[in-house]
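Report on one structure; see the data block that follows.
Listed below in structure tokens is the structure:
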């Protein structure tokens with residue numbers, strides 16, 4: 030039913046009202062770590078009264094999932110699921126519950142898994158909102174698909190050995206109420222099988238930074254509650270389903286679990302194989318399981334080879350880069366070597382020139398040395414001559430002093446004689 034009115038979710042399914050902003054479209058419960066889509070459409074938006082126009086009507090399967098998420102359309106899924114995930118689910122279910130038994134898949138879609146369960150001997154039924162999808166499943170897979178929601182049929186439904194919910198829990202507008210009705214139709218020793226996206230406690234920023242696979246599960250107006258393992262455990266235990274086994278999921282962003290109100294008893298794969306081998310009508314399913322295992326083995330080997338190839342390609346790329354760097358280094362070294370050789374040649378020429386100059390210098394030094402020696406000899410002779418001359422000068426100085434004294438004496442005598450002469454002349 031179309032209803033464009035939006036509501037703000039202020040309380041988590043667990044009753045906690047303390048929520049933190051996780052992303053633009055989701056809040057995170059502080060108590061159970063559930064991611065809550067808010068604001069979102071009113072509950073009536075998700076009901077199917079007009080199969081052509083309502084959200085979970087025909088177009089959800091033939092247009093919305095294909096156009097917005099790139100998933101296979103309903104016709105492709107009807108074939109692909111039978112040889113893919115339905116086989117994985119079947120083996121896990123049969124490890125905990127074998128035939129005969131009654132099963133119900135809530136949100137069965139076209140009913141491929143319902144057909145798989147029926148094929149191995151279960152009394153299997155499906156439950157689907159869209160009348161068109163329910164009718165398509167009846168015709169294509171030949172199974173009973175009830176066109177309703179669990180809340181409207183649980184009261185009068187016979188108890189089931191197995192209830193299956195694959196990619197459904199996250200779509201419930203009221204998980205507590207829907208699970209109350211769901212778990213009420215399971216026998217005391219029955220099991221519920223759930224696949225749902227698993228929130229792993231990373232922040233939105235960390236998911237963006239690491240491109241975490243879980244990001245594709247943040248589907249506004251569609252995935253209304255995204256549970257953590259803690260949250261699912263709290264939800265199941267609140268209704269007495271305290272025995273819970275978490276199993277390896279098919280996809281890294283999912284959780285896959287089987288729960289019961291009584292202790293779970295798991296049989297080995299060999300017992301499942303023996304059971305399917307025992308009846309002609311189930312041997313085809315066993316063959317499909319064998320083929321599925323082989324495909325997975327080959328696929329896993331291919332993934333390993335691909336990973337190894339990618340690693341080798343990465344190493345090759347690194348080697349090529351290193352080779353290119355080394356070649357550039359070699360070219361640079363060759364260039365430096367040429368420059369070094371040219372410099373060496375120039376230095377060699379300089380050395381040779383310096384050696385010639387050194388030889389000339391040595392010859393000149395020798396000549397200068399001889400000149401110095403000659404000059405030293407002349408200096409010695411000059412010193413000796415100077416010494417002799419100095420002695421002669423000193424002697425002459427002594428003679429000069431004596432001469433000066435004698436001259437002074439003679440001068441006094443002359444002056445005295447001149448005075449006497451003048452007196453004589455005066456007398457005359």
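Residue numbers (our numbering): 30 to 457.
Quick reminder that beta carbons are idealized off the backbone N, C-alpha and C, glycines included.
In this text, all values refer to a predicted model and were calculated from it rather than measured experimentally.
Where the beta strand (DSSP E) containing residue i begins and where it ends
i: residue 193; result: 189-195
i: residue 155; result: 152-157
i: residue 273; result: 272-276
i: residue 176; result: 173-176
i: residue 288; result: 283-289
Exposure label - residue i; buried when at least 16 CB within 10 Å
i: residue 413; result: exposed
i: residue 417; result: exposed
i: residue 144; result: buried
i: residue 57; result: buried
i: residue 309; result: exposed
i: residue 31; result: Here the model assigns residue 31 a pLDDT of 49, short of 50, so the residue's position is not dependable, and the following value carries that caveat. Exposed, since its Cβ has fewer than 16 Cβ neighbours within 10 Å.
i: residue 48; result: buried
i: residue 165; result: buried
i: residue 197; result: buried
i: residue 199; result: buried
i: residue 364; result: exposed
i: residue 101; result: exposed
i: residue 112; result: exposed
i: residue 115; result: buried
i: residue 292; result: exposed
i: residue 172; result: buried
i: residue 424; result: exposed
i: residue 68; result: exposed
i: residue 404; result: exposed
i: residue 124; result: buried
i: residue 170; result: buried
Proximity winner among the options, relative to residue i (alpha-carbon distances)
i: residue 186; options: 213, 200 and 348; result: 213
i: residue 63; options: 40, 434 and 194; result: 40
i: residue 195; options: 180, 176 and 155; result: 155
i: residue 281; options: 296, 227 and 251; result: 227
i: residue 90; options: 354, 397 and 159; result: 159
i: residue 294; options: 192, 179, 220 and 94; result: 220
i: residue 82; options: 161, 249 and 366; result: 161
i: residue 252; options: 449, 84, 77 and 436; result: 84
i: residue 75; options: 35, 112 and 60; result: 35
i: residue 146; options: 138, 136, 139 and 132; result: 132
i: residue 149; options: 244, 313 and 287; result: 313
i: residue 98; options: 183, 296, 245 and 122; result: 245
i: residue 72; options: 360, 203 and 296; result: 203
i: residue 52; options: 237, 359, 366 and 134; result: 237
i: residue 134; options: 393, 87 and 193; result: 193
Boundaries of the alpha helix (DSSP H) in which residue i is found, first to last residue
i: residue 445; result: 309-456
i: residue 300; result: 298-306
i: residue 179; result: 179-182
i: residue 126; result: Per DSSP, residue 126 belongs to no alpha helix (DSSP H) and is neither H nor E.
i: residue 148; result: 141-148
i: residue 207; result: 204-212
i: residue 161; result: 160-170
Cβ-Cβ separation, residue j to residue i (assumed contact under 8 Å), whole Å
i: residue 189; j: residue 223; result: In fact, because the Cβ distance is near 14 Å, the residues do not count as touching under 8 Å.
i: residue 284; j: residue 225; result: 6 Å
i: residue 290; j: residue 269; result: 5 Å
i: residue 117; j: residue 279; result: 6 Å
i: residue 141; j: residue 110; result: 4 Å
i: residue 179; j: residue 163; result: Not really, about 14 Å apart at Cβ, beyond 8 Å.
**OP:** Enumerate, from N- to C-terminal direction, the unbroken beta strand (DSSP E) stretches of 3 or more residues contained entirely within the region 47-120.
**Re:** 48-50, 55-58 and 64-66
Original post:
Which full runs of the alpha helix (DSSP H) of 4+ residues lie inside the region 214-269, going along the chain?
Top reply: 233-239 and 258-266
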